[in-house]
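Peer 1: Just dropping this structure here.
Number of protein chains: 2
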Amino acid sequence: MITQKAKYALRALTVLADADADEPVMISDIAAQQKIPKKFLEQILLDLKHHGVVASRRGKQGGYLLLKPAQTITFGEILRIIDGPIAPLPCLSITAYRRCDDCDGEQNCQIRHVFAKVADATRKVLFSTTIADAIAPKHSAEVTRLLA
Amino acid sequence: MITQKAKYALRALTVLADADADEPVMISDIAAQQKIPKKFLEQILLDLKHHGVVASRRGKQGGYLLLKPAQTITFGEILRIIDGPIAPLPCLSITAYRRCDDCDGEQNCQIRHVFAKVADATRKVLFSTTIADAIAPKHSAEVTRLLA
DNA sequence: CGAATGTCTATAGAAATAGTAGAGTTACAC
DNA sequence: GTGTAACTCTACTATTTCTATAGACATTCG
Chain A
1 MITQKAKYAL
11 RALTVLADAD
21 ADEPVMISDI
31 AAQQKIPKKF
41 LEQILLDLKH
51 HGVVASRRGK
61 QGGYLLLKPA
71 QTITFGEILR
81 IIDGPIAPLP
91 CLSITAYRRC
101 DDCDGEQNCQ
111 IRHVFAKVAD
121 ATRKVLFSTT
131 IADAIAPKHS
141 AEVTRLLA
Chain B
1001 MITQKAKYAL
1011 RALTVLADAD
1021 ADEPVMISDI
1031 AAQQKIPKKF
1041 LEQILLDLKH
1051 HGVVASRRGK
1061 QGGYLLLKPA
1071 QTITFGEILR
1081 IIDGPIAPLP
1091 CLSITAYRRC
1101 DDCDGEQNCQ
1111 IRHVFAKVAD
1121 ATRKVLFSTT
1131 IADAIAPKHS
1141 AEVTRLLA
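Just so you know, the sequences run in chain order A and B. First residue of the first sequence? That's 1 in my numbering, and the numbers climb one at a time after it. First residue of the second sequence? That's 1001 in my numbering, and the numbers climb one at a time after it.
Take a look at the structure:
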């Protein structure tokens, strides 16, 4: 299971992706629109900012905006920032590798081989799907309606 | 990440799969062989027993054995017992479905579609791999050595 | 200036994780 | 039929993670 926090982060990003690229969106607006506790969302957006995903403007007329195009922000990237490693085992993590001290020899680890496949399959989906993809169905549905 | 407990469970099952089908293996032996805290392993095996995966014999000469062939015990099945739902979102779980109260309409949920793909990919691997598969490489390596 | 907005750090309650403890039950060996 | 070696069951605990909440601070616009 991914955390609630990660779900909030992804939802928040879809809001930013939906907004005009140069118009900052206020935390309160995002929170209201996606039913996210405001103070919690503050932390999440700050975290995303520190990781170079979003930018912010302070003061009146302030808010958040995407720092790069929605097509370049993958689900995997966000999950790593918020939830940590994608891999199901520490010894399979790319960003936070840690040897399993209870198995001798990764080549022989029977469990590892199976979860390596899981990790591969998961990464394939998470890093090939972007925030832009997430909001696309909505747009195409809109287009469909307009063309009807 | 899967829990340590699940890793222990899978390791313990490979030990049982490696043993003679009618010779019970003692908890202490499994614990020693796989470096699992004994008292913790007790709980795990008991849990697996209650879910019909393994059987036990009490008293002297007692121990645990598989209740069904290793080829029929999938990783997915064990993970569900020990760690709970495989799905990354409650609203995608087969065994523990729960509606997300913060998204209106699952058809529209942008996040859900992506994680549905993740869940599918994960399940495909986890339910097509069995304990027998996990110990297979070891056996074939053994065979290779014997034939050399 | 002052109000609106993001920034940062601390705190806290609840749940999950990873064990540990110990009393109880069963079954084999003798 | 007793002793002991094994599994059984329940409860407890320490640590960490999750999900927030609180409040003082900093910045910007009008």
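Even for Gly, the Cβ is constructed at its ideal location relative to N, Cα and C.
1) Between A/P88 and chain B, is there a C-beta pair that is closer than 7 Å?
2) Since B/Y1064 sits in a beta bridge, which residues does DSSP pair it with?
3) Just checking: is the beta-carbon of B/L1092 within a distance shorter than 7 Å of some beta-carbon in chain A?
4) Report whether the distance from the Cβ of B/D1101 to the nearest heavy atom of the ligand SAM is below 6 Å.
5) Beta-carbon separation of B/I1044 and B/A1009 under 7 Å?
6) Going along the chain, which residues of its own chain have a beta-carbon closer than 8 Å to the beta-carbon of A/K77, five neighbours each way excluded?
7) Near A/D18, what residues of its chain come up, given a Cβ to Cβ distance below 7 Å and the 5 sequence neighbours on each side ignored?
8) A/T122 by DSSP, collapsed to three states: which one?
9) Should B/A1119 go down as buried or exposed, given a rule of 16 or more other Cβ atoms within 10 Å for buried?
10) Is B/F1075 close to chain A? Criterion is C-beta to C-beta, closer than 7 Å.
11) Could you tell me whether the segment 63 to 75 of chain A touches the segment 20 to 30 of chain A, using the rule of 3 or more Cβ pairs below 8 Å?
12) Is A/T72 close to chain B, meaning its C-beta is less than 7 Å from at least one C-beta of that chain?
13) I believe B/R1099 touches B/C1091 by the beta-carbon criterion, under 8 Å. Please report the beta-carbon distance rounded to the nearest angstrom.
14) Nearest chain A C-beta to B/D1020 closer than 7 Å, yes or no?
15) Please say whether A/T122 and A/F75 have beta carbons closer to each other than 7 Å?
16) Rank B/G1059, B/A1070, B/A1055, B/L1089 by C-alpha distance to the C-alpha of B/I1111 and give the top, closest one.
17) Note down the Cα distance separating B/L1041 from A/K117, rounded to an integer number of angstroms.
18) Out of B/A1070, B/D1029, B/D1101, B/H1113, point me to the one whose CA is closest to B/D1133's CA.
19) Quick check: what's the CA-CA separation for B/I1131 versus B/I1082?
20) Can you give the Cα-Cα distance for B/N1108 and B/H1051, rounded to whole angstroms?
21) Is the Cβ of A/I44 closer than 7 Å to any Cβ of chain B?
22) Quick one: Cα of B/P1085 to Cα of B/A1006, how far?
Peer 2: With the given structure in hand:
1) yes
2) B/V1025, B/S1056
3) no
4) Although the ligand SAM was asked about, the structure shown includes no ligands whatsoever.
5) yes
6) The question names Lys, but residue 77 of chain A in the sequence shown is Glu. Only V53, F127 meet the Cβ criterion.
7) I135
8) helix
9) buried
10) yes
11) yes
12) no
13) 6 Å
14) no
15) no
16) B/L1089
17) 26 Å
18) B/A1070
19) 15 Å
20) 37 Å
21) no
22) 12 Å
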